[in-house]
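In the numbering used here, the protein residues as written are 448 to 664.
Below is the structure:
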């Protein structure tokens with residue numbers, strides 16, 4: 448895994464979850480929020496926590512938003528602050544901006560004002576839950592663009608005892624295995640000669656159609 452520098456702006460439930468998860472995964476995370484109690488809740492987990500108003504351009508300049516690999520704007524309850532922060536980050540040269548939207552209109556405004564990617568946690572979460580309920584194989588999914596997803600799925604019955612090198616999944620099934628949960632631990636360096644167990648789960652990337660076909664294996 449490549450360590451990345453990430454700025455998280457806004458520490459509601461979604462922002463805290465995003466920041467702490469990224470920090471626990473080993474990334475360098477800086478967080479900003481106006482509320483002291485939210486800053487105090489995560490300051491021991493992240494690299495740096497700052498209490499400030501990101502609608503003030505000077506704050507973003509001091510933070511050096513252009514130096515972060517990713518800026519995640521998690522302001523969902525204040526439309527003005529969300530839009531203005533997105534605009535300022537884009538003007539100040541942010542490399543990649545991911546912004547949280549509270550509804551479809553908010554999402555459109557964020558896309559038009561500079562966000563590279565917009566997420567709607569309530570909508571996305573519902574879609575992910577529905578997919579996991581309707582599928583016996585798929586545990587969770589993360590939608591990407593152009594009909595592709597990252598999915599965590601149970602090892603297909605026909606794959607048990609076989610190795611990835613023997614399965615040749617990329618060619619035969621149109622998916623890439625990017626990690627394996629084996630023995631309770633996630634291995635992001637995949638051993639292609641490791642026999643797959645029924646208890647393992649696979650993290651794969653591929654087209655939605657290719658992933659769904661694995662349910663019938």
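Ideal Cβ positions, reconstructed from N, Cα and C, are used throughout, including at glycine.
Bear in mind that the values here come from a model prediction, so they are computed numbers and not experimental data.
Tell me which residue opens and which closes the alpha helix (DSSP H) that residue 489 is part of. 483 to 489
Can you name the residues that DSSP bridges to residue 595? The partner list for residue 595 (beta bridge, DSSP) reads 654.
Going by the beta-carbon positions, is the gap between residue 506 and residue 470 smaller than 8 Å? Taking a C-beta distance under 8 Å as the contact criterion, residue 506 and residue 470 do not qualify as a contact pair.
Between residue 586 and residue 601, is the Cβ-Cβ spacing less than 8 Å? yes
Inspect the beta-carbon positions of residue 622 and residue 637 and report whether they are closer than 8 Å. Judged by their CB atoms, residue 622 and residue 637 are not nearer to each other than the 8 Å cut-off.
Ordered list of alpha helix (DSSP H) runs contained in the stretch 456 to 510, each at least 4 residues: 460 to 471, 483 to 489, 504 to 510
Under the DSSP definition of a beta bridge, which residues are partnered with residue 649? Bridge partners of residue 649: 600, 627.
Please go through the same chain and pick out, in chain order, the residues whose beta-carbon is closer than 8 Å to the beta-carbon of residue 613, but skip the five residues on each side of it. So no residue of the chain qualifies.
Option in 490, 523, 516, 531 with minimal Cα separation from residue 503: Comparing Cα-Cα distances from residue 503 to each of 490, 523, 516, 531, the minimum goes to 531.
State yes or no: is the C-beta of residue 515 within less than 8 Å of the C-beta of residue 454? Remark: C-beta atoms of residue 515 and residue 454 approach each other more closely than 8 Å.
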